[in-house]
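Residue numbers (the numbering used here): 28 to 266.
Even glycine gets a Cβ: it sits at the ideal position worked out from N, Cα and C.
Keep in mind the model is a prediction, meaning the values are calculated, not measured.
Structure, as structure tokens:
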């Protein structure tokens, strides 16, 4: 190949300007790459990344400038529409829905409620009766003075406070109160007598003399019944 012609003075200056421009671009690119690499290395060492976008919690769109590790970063803040606040109670409110318990109604007993044999009683009716007295000995009972009543109860049942009546008028087990007898406490009908018919009533006394002192009286006798809704016991089975 023929030798390249020597450059003239103007050509030499033009080539130098081109080379200088290329060199400047090369150096600039190297500086940028070096800066990026240095930033990456700094980030790994720091263990955190610089914020890419800073969220401005204002009510409008705007711009603001941030400087991170010497690098000027311009970020744009975008604010979404604010949702209405919802109040949450500290503790959950539990609403229980159910049927009210159904209980069977029962009468309320008062201090005035009368009781007999552990059960509440109430007055049922009043009968006008001729009332006499008797004793458990032979002077009143004759051959039947065995210490037992017609229902085979001991004469000492209920503290020897019981009565004899006509079972057709007052069945065995009937509860009555007689003015002036047994402190007007309730007493049961547990006996009968040959002369005790219709509206006749015979009161048991511990002695013949006490029965004579009672004499013969016409009284209003109150008949009671159980108030708990349960049936009356069989007086022949309850001793």
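Here residue 223 is near residue 191, since their CB atoms are less than 8 angstroms apart. If you check the CB distance, residue 228 and residue 214 do not come in under 8 angstroms. When 250, 263, 157 and 148 are compared, the shortest CA-CA separation from residue 197 is found for 250. The beta-carbon distance between residue 180 and residue 217, rounded to whole angstroms, is 5 angstroms. This is short enough to meet the 8 angstroms contact definition. Residue 149 sits close to residue 252, with the two beta carbons spaced by under 8 angstroms. Assigned with DSSP and collapsed to three states, residue 232 falls in coil, not helix or strand. Of 243, 140 and 255, the smallest CA-CA separation from residue 159 is found for 243.
With respect to the 8 angstroms criterion, residue 145 and residue 163 are not classified as neighbours on the basis of their beta carbons. For residue 166, the uninterrupted alpha helix (DSSP H) run begins and ends at 165–168, by DSSP. The closest CA to that of residue 233, considering only 157, 167 and 154, is found on 167. Taking a C-beta distance under 8 angstroms as the contact criterion, residue 182 and residue 231 qualify as a contact pair. Looking at the DSSP output, residue 227 sits in a beta bridge with 157.
Per DSSP, the unbroken beta strand (DSSP E) holding residue 204 starts and ends at 202–204.
Relative to residue 136, the option among 208, 177 and 255 whose CA is nearest is 255.
In this structure, residue 157 keeps its C-beta atom at 8 angstroms or more from the C-beta atom of residue 261.
A residue is called buried once 16 or more other Cβ atoms fall within 10 Å of its Cβ, and residue 212, having fewer, is exposed. In the displayed model, residue 263 falls within coil according to three-state DSSP, outside both helix and strand. In this structure, residue 194 and residue 246 do not form a Cβ contact; the two beta carbons are roughly 20 angstroms apart against a cut-off of 8 angstroms. Looking from the CA of residue 238, the closest CA among 189, 263, 185 and 170 belongs to 189. The Cβ atoms of residue 178 and residue 199 sit closer than 8 angstroms to each other.
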